[in-house]
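A.B. asks: There's a structure below that I have some questions on.
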Amino acid sequence: MSLTMKIENKMPGCHVVKFIGRLDGTTYAECEAKINPLLIPATRDIMFDMTNLDYISSMGLRIIITTRKFIEGNGGRVHMMNMQPQIEKVFKIANMLEGMTIFANIKEADDYFAVMQKKVLDSLR
Amino acid sequence: MEQKPAGIIYGVNDIPPFRTTLLLAVQHAVLALVFIVYPLMLVSESGGTQIDAEGVVTASILAMSFGTFLQCLDRKGMGSGYLAVQLTSPIYLPVSIQAAKMGGLGLAFGMTVFAGIFSVIFSRFLNYFRSLFPPEVCGVAVVMLGISMVGPAVTRFVGLHGINSIDPHAFAVAAVTLALMVSLSIWPRGHIRLYSVLIGLTAGYGAALWLGVIDRAGLHSVMERGLLALPMIPVPDWKFQWALLTPFLMTALVSSLDTAACIITCQKINQSDWVRPDMANVSRGVLADGVGAAMSGALGTLGAGVSSAHIALSSATGATARRIGILTSVVLLATAFVPPIAKLLSRMPTPVIGAVLVYAAAFLITSGMELIVSRMLDTRRIFMVGGSIIVGLASIQLTELIRQLPPWLYSIVGSPFAIASLCAIALNLLFRIGTAQNASLLVKPLLTSIIETVSFFESRGAAWGARRQVIHRVQSAVSELLETVVLMELAEGDIEILARFDEYHLDVIVRYSGLPFPSSEECPSPEQLLADENAILRMSGSLIRQYADQVVFDVQKDRQCISLHFEH
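First to last, the protein sequences are chains A and B. Letter 89 of the first sequence, counting from 1, is numbered 90 in this note's numbering, and no numbers are missing. Letter 145 of the second sequence, counting from 1, is numbered 170 in this note's numbering, and no numbers are missing.
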């Protein structure tokens, strides 16, 4: 009946946000407080790891929308990883899967970040 | 009949090219022949002769052919119409061995006919009796079936002679067979895992031949009736004993429920938009199962039932066409006209039988456990499940004491499967006393009430023995509903939650005074959502609809009333 969040900084401007538990009306304030510091122009990518998210309500969806609105508005991207079927169904009903990259597992996500890192390093040379 | 899911190449009503149909049918028939091991076990346990074994193998092939044809038929109320191959079932094995030990093979076959007739009658009332046999009760029966097979399986596996003497050659043959079956089921990719039992069995025959475990002289007689001949089965000496009626009826019941579960799986595989079981179709399938079991007894073999292994094969190959099933029954029938096949199968080495039984027992025990934990368990159910299994195990431990009981009582108490199943049914009924099917909760219009409501359904679900996934849907729907009511400040005063459960439905009514709930089915577009994040709250009704099977928004006595209906 609670939400645990783990935020990992993969590389400058890229964050992985891991949800464990329920993201609903009882936990959204706590979630919002942890995500808000990431909503800065320097953030290019946010990936939500949904592996252990059991339930998401409309208020939970609202946080994802707010994040997307800010990050995409600043030219960045929001991704999802390993959505459980019941969670994916909610996103489908809310028409929220369009324009988002969904990784099936951690390997796909790591491969993506490796490519991103290479691009950054190449641009610095 | 239904919409074909993405992974299915040939759906139930499709007509694949003849060559493809034939190849797939041969594959199903070969897999079916592997499971002849169960009737062979019956012959072996009852001290039957080689002639008995050959007769039982031929009868089994005919019974499987006949049963599969009926199951795939779906005509005039008979058969599910799915590709569901019938096998001589391990479910009938423990009671048939018990009967054969008491009065010979004829008694086992005669009682199987009665069990089949019972299944036919039961198929007509399946829906009415569903609440008496919830999954956890069936799970106890299936676990005990698996446990009952452990003794005979391990004895054959290690080649036990006397008390402390093990035959190392027999043990080596069994180990090779089991190691191949298990490793090929786990590690390889692709279709090879579907043939793991067949490959293990063939390797077992080879190892037995090499180590001299199999009677080589007997193998020379395989061709003595030629390559083709009319099938020959001895007329069974059917017998009936009242004392065995209860164990056989229990077996028929478990077989019917197992068939029902298999047919529901077929429905799920074949319908992309599957929501709930088509019970009329299940009833037709159980009817075919009963007729098939009665026919098995009449022909002189173990009762037949739908094979879950074949359903897995059809799903894995993406070919579930009914035609494949019909042709499988024809291929099986043709096999009965090839005597070397029956002769070769009837000479299956004892350690190979042991290895297949160990493999099957492992599957039965875990399938039973899966059934048990598919429902939420409270203290009542924990005692029902645990207590019944303890009673079954006690029946295995206290053999000498139980032998002193009168024959009618011995037939029930002496069968771990029968006594554990009866105990589970009785305790399930007993523990229902004091469990209210109605429950209610009054909560404040606060977000913290969501936590209270989720806990309320958790504890009620466990007391009712409800399906875990249904309770999860209820919790999700009611959480979404309360969240919107609270955040949009719709309620003036307390919110009332009423729930009513029976084995078939779970109904929840949420009532409050205040503004109507936003019940619109329209979802905001992605652009609207990005433009206004609060638009998401307007689609709460749509989210609730995807959790519940039916939602009604209404006003009763000036109070807003939202009724949520869930199929169970």
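Quick reminder that beta carbons are idealized off the backbone N, C-alpha and C, glycines included.
#1: What is the DSSP secondary structure of A:Arg63, reduced to helix, strand or coil?
#2: Beta-carbon within less than 6 Å of B:Ile86's beta-carbon, same chain only, minus the 5 sequence neighbours each way: which residues are those?
#3: Taking 8 Å as the CB-CB cut-off, is A:Lys35 touching chain B?
#4: Taking just the CA atoms, how far does B:Ile569 sit from B:Met320?
#5: Taking 7 Å as the limit between beta carbons, can you name the residues of its chain near B:Leu236, skipping five residues before and five after?
#6: Between B:Thr180 and the ligand MG, is the CB less than 7 Å from at least one heavy atom?
#7: Could you name the residues that DSSP lists as bridge partners for A:Asn53?
#8: Look at the alpha carbon of A:Ile21 and the alpha carbon of A:Met51, and state the distance between them as a whole number of angstroms.
#9: If you measure from the beta carbon of B:Leu562 to each beta carbon in chain A, is any gap under 8 Å?
#10: Hey, how far is the Cα of B:Ser436 from the Cα of B:Leu430?
#11: Judging by CA-CA distance, which residue of B:Leu562, B:Ile414, B:Leu49 and B:Leu56 is the nearest neighbour of B:Ile224?
#12: When you compare the CB of A:Asn106 with every CB in chain B, is at least one pair closer than 8 Å?
#13: How about B:Gly184 and B:Pro42: do their beta carbons lie closer than 8 Å?
#14: Expressed to the nearest angstrom, what Euclidean distance is found between the alpha-carbon atoms of B:Arg347 and B:Ala88?
#15: Between which two residues does the alpha helix (DSSP H) containing A:Lys7 stretch?
#16: Say whether chain B places a C-beta atom closer than 8 Å to the C-beta of A:Ile72.
#17: Could you tell me the distance, in whole angstroms, from the CA atom of A:Gly61 to the CA atom of B:Ala386?
#18: Closest to B:Gly73 by CA distance: which of B:Cys97, B:Gly129 and B:Tyr107 is it?
#19: Tell me where the alpha helix (DSSP H) around B:Ile142 begins and ends.
#20: Look at the alpha carbon of B:Asn295 and the alpha carbon of B:Arg155, and state the distance between them as a whole number of angstroms.
#21: If we ignore side chains and look at the alpha-carbon of each, how far apart do B:Ser545 and B:Val168 end up?
#22: Among A:Met84, A:Phe104, A:Thr27 and A:Met12, which one has its Cα closest to the Cα of A:Ser3?
#23: CA-CA distance, B:Val331 and B:Thr404?
#24: For the beta strand (DSSP E) holding B:Cys586, just list the boundary residues, first then last.
#25: Note down, in chain order, every chain B residue with its Cβ under 7 Å from the Cβ of A:Asp25.
#26: Write down every uninterrupted run of the alpha helix (DSSP H) in the segment 206-294 of chain B whose length is 4 residues or greater and which is fully enclosed by it, in chain order.
#27: Look at B:Phe60 and B:Phe139 and say whether their C-beta atoms are less than 8 Å apart.
#28: In this structure, how does DSSP classify B:Val535 when only helix, strand and coil are distinguished?
#29: Could you work out which residues of chain A lie near B:Leu466, taking near to mean beta carbons separated by less than 9 Å?
#30: Can you tell me the Cα-Cα spacing of B:Thr424 and B:Ala380, whole angstroms?
#31: For A:Cys15, which beta-bridge partners are listed by DSSP?
#32: What does B:Gln571 reach in chain A if we use C-beta pairs closer than 8 Å?
#33: Thinking B:Phe526 and B:Trp489 are a contact (beta carbons under 8 Å), I'd like their distance in whole angstroms, please.
#34: With a threshold of 6 Å on Cβ separation, who are the neighbours of B:Ile366 within its own chain once the five nearest residues in sequence on each side are excluded?
#35: Tell me whether the beta-carbon of A:Met1 lies closer than 8 Å to the beta-carbon of A:Ile103.
#36: Quick check on DSSP: helix, strand or coil for B:Gln111?
C.D. replies: By the coordinates alone:
#1: helix
#2: Leu357, Thr360 and Ala361
#3: no
#4: 49 Å
#5: His194, Ala197 and Val198
#6: Ligands in the displayed structure: none, and consequently the ligand MG is not present.
#7: Under DSSP, the beta-bridge partners assigned to A:Asn53 are A:Ile21.
#8: 8 Å
#9: yes
#10: 9 Å
#11: B:Leu56
#12: A:Asn106 has a beta carbon lying at 8 Å or more from every beta carbon in chain B.
#13: no
#14: 19 Å
#15: DSSP places A:Lys7 outside any alpha helix (DSSP H); the residue lies instead in the beta strand (DSSP E), whose first and last residues are Leu4 to Met12.
#16: A:Ile72 does not count as touching chain B.
#17: 46 Å
#18: B:Gly129
#19: Counting along the chain, the alpha helix (DSSP H) containing B:Ile142 begins and ends at Leu118 to Arg149.
#20: 24 Å
#21: In this model, B:Ser545 and B:Val168 are separated by some 48 Å (Cα to Cα).
#22: A:Thr27
#23: 34 Å
#24: Arg584 to Glu592
#25: Ile475, Ser504 and Glu508
#26: 221-235 and 241-245
#27: no
#28: Residue state for B:Val535 is assigned as strand, using DSSP reduced to three classes.
#29: What B:Leu466 touches in chain A: nothing, since even the nearest Cβ is about 16 Å away.
#30: 25 Å
#31: A:Met12 and A:Asp46
#32: Lys90, Val91 and Ile94
#33: Separation of the CB atoms of B:Phe526 and B:Trp489 is rounded to 5 Å, and the pair is thereby assigned contact status at 8 Å.
#34: Correct list, in chain order: Thr360.
#35: Not covered by the structure: residue 1 of chain A. The range shown for chain A is 2 to 126.
#36: If DSSP states are grouped into helix, strand and coil, B:Gln111 belongs with the strands.
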